[in-house]
């Protein structure tokens with residue numbers, strides 16, 4: 007059964023779920039972003055945002071958490087390959103962190119478009 011197409015998909019889902027759990031359990035930045043995401047979801051219900059606003063909000067949340075996960079993976083790989091300080095590794099980690107910054111700023115702008123008119 008595990009060698010069938012469905013079985014392989016279930017195994018892949020299990021690995022993905024494990025990765026998401028590890029991110030939530032051990033990465034402080036993901037914990038902060040998840041807390042903010044939960045608050046934004048609560049705000050969405052409170053302000054009764056439209057379906058389109060929900061779509062953009064959920065997209066922004068997914069974008070930030072996904073990029074944060076990729077950033078963590080890049081940092082872990084970089085530390086594994088070269089545990090000591092190296093300027094090239096530092097550059098790689100900074101670029102990955104910059105991607106998170108762009109995603110977070112995008113999410114903030116989307117949040118402003120959704121919530122500022124509600125006040």
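Numbering (our numbering), first residue to last: 7 to 125. For each residue, glycine too, the CB sits at the ideal point set by N, CA and C.
DSSP places residue 85 in the uninterrupted alpha helix (DSSP H) bounded by 57-87.
Of the candidates 83, 63, 33 and 54, the residue whose Cα lies closest to the Cα of residue 74 is 33.
The beta carbon of residue 60 sits closer than 7 Å to the beta carbons of 50 from its chain, once the five residues preceding and following it are set aside; these are given in chain order. Counting only the Cα atoms, residue 81 lies some 33 Å from residue 9.
Approximately 5 Å separates the beta-carbon atoms of residue 36 and residue 29; this is inside 8 Å, confirming the contact.
Remark: C-beta atoms of residue 26 and residue 70 do not approach each other more closely than 9 Å. In this structure residue 116 touches residue 63 by the C-beta definition: roughly 7 Å separates them, less than 8 Å. Between residue 77 and residue 113, the CB-CB gap reaches or exceeds 9 Å.
In this chain, residue 90 is not harboured by any alpha helix (DSSP H), its DSSP state being neither H nor E. With a beta-carbon spacing of about 6 Å, residue 120 and residue 55 fall inside the 8 Å limit used to define contacts.
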